[in-house]
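Novice: Mind looking over this structure? Questions follow.
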Amino acid sequence: MKARVKWTEGRQFVAESGSGHSVVIDGPPDHGGRNTGPRPMEMLLMGMGSCTAFDILNILDKARANVTDCVAELDAERADEVPAVFTKIHVHFVVTGRALKEKQVQRAVELSAEKYCSASIMLVNGGVEITHSFEIIEA
1 MKARVKWTEG RQFVAESGSG HSVVIDGPPD HGGRNTGPRP MEMLLMGMGS CTAFDILNIL
61 DKARANVTDC VAELDAERAD EVPAVFTKIH VHFVVTGRAL KEKQVQRAVE LSAEKYCSAS
121 IMLVNGGVEI THSFEIIEA
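Written out as structure tokens, the structure reads:
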């Protein structure tokens with residue numbers, strides 16, 4: 001896997017993935033940025049959220065669950081000192097579908113957290129406390 005991050009101006013960068021997709025990353029004005037994109041640590045958090053949601057959708061799809069929507073809401077805490085690493089992250093999944101089974105969704109969340117989500121497992125191995133919850137909404 002490869003990526004390229006190019007400084008453009010101030011504290012703005014354009015990051016390009018190995019698959020050819022680009023995203024603007026920027027800092028706040030009080031740090032020299034123009035607020036034109038997410039912060040680097042926000043990108044990390046969003047990446048983790050999309051990684052685990054991706055897993056959950058794959059697992060539920062293989063179980064033939066009728067999912068119509070899946071949202072991962074993340075709430076993170078960071079250390080007060082530099083480096084301001086993540087110390088805690090809570091992920092709440094809102095899974096919408098038809099006749100979804102609570103045990104199936106719970107198992108998908110557990111499998112993602114314990115076996116499949118490379119991003120969250122890497123963060124846990126680095127000392128971040130990650131917790132999960134979910135709710136099911138009938139479509």
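Sequential numbering from 1 applies to the sequence shown in full-length UniProt numbering.
From the three backbone atoms N, C-alpha and C, an ideal C-beta is built for every residue, glycine too.
1. Which same chain residues, not among the five before or five after Lys6, have their C-beta less than 7 Å away from its C-beta?
2. Near Pro40, what residues of its chain come up, given a Cβ to Cβ distance below 7 Å and the 5 sequence neighbours on each side ignored?
3. Is the stretch 109 to 127 close to the stretch 49 to 59, with three or more CB pairs under 8 Å?
4. Roughly how many whole angstroms lie between the Cα atoms of Asp69 and Thr96?
5. Does the distance from the C-beta atom of Ser94 to that of Glu135 stay below 7 Å?
6. Start and end of the beta strand (DSSP E) containing Thr52?
7. Pick helix, strand or coil for Asn125, following the three-state DSSP scheme.
8. Residue range of the beta strand (DSSP E) that Val94 falls in?
9. By alpha-carbon positions, which one of Met1, Gly10, His132 ends up nearest to Glu110?
10. Under the DSSP definition of a beta bridge, which residues are partnered with Asn66?
Specialist: On the basis of the data shown:
1. In the sequence shown, residue 6 corresponds to position 6, counting from 1. Around Lys6: Phe13, Val14.
2. Taking the first residue of the sequence shown as position 1, residue 40 is located at position 40. Correct list, in chain order: Ile25.
3. yes
4. Here residue 69 corresponds to residue number 69 of the sequence shown, with the count starting at 1. Here residue 96 corresponds to residue number 96 of the sequence shown, with the count starting at 1. Looking at the two C-alpha atoms, the distance is approximately 5 Å.
5. Taking the sequence shown and counting its residues from 1, one reaches residue 94 at position 94. Taking the sequence shown and counting its residues from 1, one reaches residue 135 at position 135. The question names Ser, but residue 94 in the sequence shown is Val. Going by C-beta atoms, Val94 is nearer than 7 Å to Glu135.
6. By 1-based counting over the sequence shown, the position of residue 52 is 52. Where Thr52 is concerned, there is no enclosing beta strand (DSSP E), although the alpha helix (DSSP H) it sits in stretches over 40 to 62.
7. For this step, residue 125 is matched to residue 125 along the sequence shown. It is helical.
8. Translated into the one-based positions of the sequence shown, residue 94 becomes position 94. Its beta strand (DSSP E) spans residues 86 to 98.
9. Taking the sequence shown and counting its residues from 1, one reaches residue 110 at position 110. The shortest Cα separation from Glu110 among Met1, Gly10, His132 belongs to His132.
10. Counting from 1 along the sequence shown, the entry for residue 66 is found at position 66. Beta-bridge pairing links Asn66 to Arg98.
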